[in-house]
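Presented below is the structure to which this report refers.
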Amino acid sequence: MDVTTPAGTPAANAPWLVVGLGNPGTEYAMNRHNVGFMVVELLAGRIGGKFKRAGKAQAQVVEGRLGAPGPGSRRVILAKPMSFMNLSGGPVNALRDFYKVPVAGIVAIHDELDIDYGVLRLKLGGGDNGHNGLKSMTKAMGPDYHRVRFGIGRPPGRMQVADFVLKDFSSTERKELDYFVDRAADAVEALVTEGLERAQSSYNS
Numbered sequence: 001m002d003v004t005t006p007a008g009t010p011a012a013n014a015p016w017l018v019v020g021l022g023n024p025g026t027e028y029a030m031n032r033h034n035v036g037f038m039v040v041e042l043l044a045g046r047i048g049g050k051f052k053r054a055g056k057a058q059a060q061v062v063e064g065r066l067g068a069p070g071p072g073s074r075r076v077i078l079a080k081p082m083s084f085m086n087l088s089g090g091p092v093n094a095l096r097d098f099y100k101v102p103v104a105g106i107v108a109i110h111d112e113l114d115i116d117y118g119v120l121r122l123k124l125g126g127g128d129n130g131h132n133g134l135k136s137m138t139k140a141m142g143p144d145y146h147r148v149r150f151g152i153g154r155p156p157g158r159m160q161v162a163d164f165v166l167k168d169f170s171s172t173e174r175k176e177l178d179y180f181v182d183r184a185a186d187a188v189e190a191l192v193t194e195g196l197e198r199a200q201s202s203y204n205s
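Each residue of the sequence shown is one higher than the one before, counting from 1 in the UniProt record's numbering.
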């Protein structure tokens, strides 16, 4: 049985599984759809880790602790599913089982069309809003995991959504991308060390 606090936060001794959603391969690296990968890669750098294959799971992981050294820091497994986006649920569920993470201890970092570029929204549970990575995760384990939603805005003109998310960030967007990715990483760290409500208060812009 998953053990969580009444607020939906994992118990102090339970690890967090922080999943960046994206597509594997260098050709996708700077796509809007891969912003989740960008955030977990930055977090891995903060804890001094390098991604490695996670046993039989189709994913790469880094294990470490987030937060200031001491009792307030939390054990985390940072993960990048190595399946394509619409199959993310399988690798995430395998990692969940292997590391014995409660569902409420999973954080999915993903691009969000219905939020302006660079704006963040943190929440627990909810629908998938047409996002194939979330749809796959929810099918595999239910909806009651945390989400860090990174706004990418809507496609311009008549551009199809699939084309928009699989294009690289524009040159204008890239001027601020590092700042927004850094801020999203800060939000993840606040979520796992301080809880959802305090993180929402600081980062739901």
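Every residue, glycine too, gets a C-beta built ideally from N, C-alpha and C. Keep in mind it's a predicted model, so treat the numbers as computed, not measured.
Tell me the residue span of the alpha helix (DSSP H) that contains residue i.
i      : result
Glu97  : Here residue 97 is Asp; the residue named in the question, Glu, does not match the sequence. Counting along the chain, the alpha helix (DSSP H) containing Asp97 begins and ends at 89-99.
Arg149 : Careful: Arg149 lies outside any alpha helix (DSSP H), inside the beta strand (DSSP E) at 146-151.
Thr138 : 132-141
Please list the terminal residues of the continuous beta strand (DSSP E) segment that includes residue i.
i      : result
Glu112 : 106-112
Lys123 : 120-124
Gln60  : 59-66
Buried or exposed, going by whether 16 or more other CB atoms sit within 10 Å of the CB of residue i?
i      : result
Val148 : buried
Ser136 : buried
Pro6   : For Pro6, the predicted model reports a pLDDT of 40, less than 50, meaning its position is unreliable; a value from the coordinates is still stated below. Burial call: exposed.
Ala184 : buried
Gly45  : exposed
Met159 : exposed
Ser201 : exposed
Arg96  : buried
Arg32  : buried
Glu112 : buried
Gly70  : exposed
Asn86  : exposed
Return the bridge partner residues of residue i from the DSSP annotation.
i           : result
Ala79       : Val19, Val61
residue 207 : Look at the range of the chain in this structure, 1 to 205, and you will see that residue 207 is not part of it.
Asn31       : Asp168
Arg198      : Its beta-bridge partners do not exist; DSSP assigns none.
residue 248 : Lying outside 1 to 205, the shown extent of the chain, residue 248 is not represented and no answer is given.
Could you tell me how far apart the beta carbons of residue i and residue j are, in whole angstroms, since I believe they sit closer than 8 Å?
i      : j      : result
Val107 : Val188 : 6 Å
Ala14  : Pro155 : So it is not a contact: roughly 39 Å between Cβ atoms.
Leu66  : Ser205 : Going by Cβ atoms, the distance from Leu66 to Ser205 rounds to 21 Å, so no, they are not a contact pair.
Val61  : Ala54  : 4 Å
Gly110 : Gly36  : The amino acid occupying residue 110 in the given sequence is His; Gly does not appear at that position. That pair is a contact at about 5 Å.
Gly105 : Trp16  : 5 Å
Is residue i near the ligand MN, in the sense that its beta carbon is under 7 Å from a heavy atom of that ligand?
i      : result
Ser201 : Among the ligands in the structure shown, none appear at all, so the ligand MN cannot be discussed.
Of all the CB atoms in chain D, is at least one closer than 8 Å to the CB of residue i?
i     : result
Gly89 : Considering every chain present, this structure includes no chain D. It has just one protein chain.
Exercise for review: Inspect the CB distances between the segment 163-179 and the segment 49-59 and report whether three or more fall short of 8 Å.
Suggested key: Verdict: no, contact absent.
**Study point:** Stretch pair the segment 77-97 + the segment 24-44: three plus CB contacts closer than 8 Å
**Key:** yes
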